[in-house]
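Data block below; observations after.
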Amino acid sequence: MSLIPKEFYSRDPAVVTRELLGAVLVRLYGGVRLTCRIVETEAYYGVEDPASRARRGGDLARTMYGDVDVALVYGVHRQWLLNVVAHELGTGGAVLIRAAEPLEGVEVMMELRKVRCVRKLLSGPGRLTKALAVDKRFHKKPLYVSDYGLWIEWGVTPRPEDIAESHRVGVASDLSRPLRFFLRGNLYVSRSR
DNA sequence: CGCCAGATTGACT
DNA sequence: GTCAATCTGGCGG
3 MSLIPKEFYS RDPAVVTREL LGAVLVRLYG GVRLTCRIVE TEAYYGVEDP
53 ASRARRGGDL ARTMYGDVDV ALVYGVHRQW LLNVVAHELG TGGAVLIRAA
103 EPLEGVEVMM ELRKVRCVRK LLSGPGRLTK ALAVDKRFHK KPLYVSDYGL
153 WIEWGVTPRP EDIAESHRVG VASDLSRPLR FFLRGNLYVS RSR
């Protein structure tokens, strides 16, 4: 397996978001490889995006406009949400990792999540971070190296007809363009409300 | 330091 | 479907 390079993330957030489907998220946790295949993602832009955290200013905004391919982790409703900073030069943006299909380390992930149901293990942004023991410590850490125990590798590229799109989940005011992408029919996509 | 909205989840009617 | 838990980050005082 090989790491996805930093340049991959220096493009329009929606493009990166779509192409991240099928990629493999790896977490080295106490010597155990916890791995999963990304099946659901959302794109966020900079201050021009009404749903973007960049609107609120502060450190999260600066991070979204900063180096690409670093983790952006922040808390909401007492969960941690994992994003990857991605944007074209001079703009802001990030990809929210919303759901993934478990591959390796399922037993350890079930212990971390305290559930036995594999389908519910990684099928939501808050569930995913808990199962992978991802928290604020990873904020601003680069994902293009394996040094920090969290990184993203190339996976199996989905066929275009297997990629579905919709509006983003849980946002008060969305852009007119669909910015949520997921693998059609995949069992591990988060349930819509 | 207090206030409050929120890219959620899981328990319950 | 409904609803509250009780966390984080930004902001105002």
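Note that this note's numbering gives residue 10 to position 8 of the first sequence, counting from 1, and the numbers run on in steps of one. For each residue, glycine too, the CB sits at the ideal point set by N, CA and C.
In this structure, the beta-carbon distance from Glu-106 to Thr-37 falls below 7 Å. According to DSSP, Trp-153 shares a beta bridge with Val-28. The beta carbon of Val-26 lies closer than 8 Å to those of Met-3, Thr-37, Cys-38, Arg-39, Ile-40, Leu-105, Ile-154, Glu-155, Trp-156 and Gly-157 in the same chain, with the five residues before and after it left out. Measuring C-alpha to C-alpha distances from Ala-133 to each of Val-108, Gly-33, Gly-151 and Val-87 identifies Val-108 as the nearest. Comparing alpha carbon positions, the residue from Gly-95, Lys-143, Lys-142 and Arg-100 closest to Leu-123 is Arg-100. Following the DSSP letters along the chain, one finds Glu-167 inside the beta strand (DSSP E) bounded by residues 165-168. The closest CA to that of Arg-64, considering only Val-117, Lys-142 and Pro-52, is found on Lys-142. Taking His-169 as reference, the option from Ser-178, Pro-162 and Arg-161 with the minimal CA-CA separation is Ser-178. Under the criterion of beta carbons closer than 8 Å, Leu-181 and Glu-21 do not qualify as touching, at roughly 14 Å. Taking every protein chain shown into account, the CB of Val-17 has fewer than 16 other CB atoms within 10 angstroms, so this residue is exposed.
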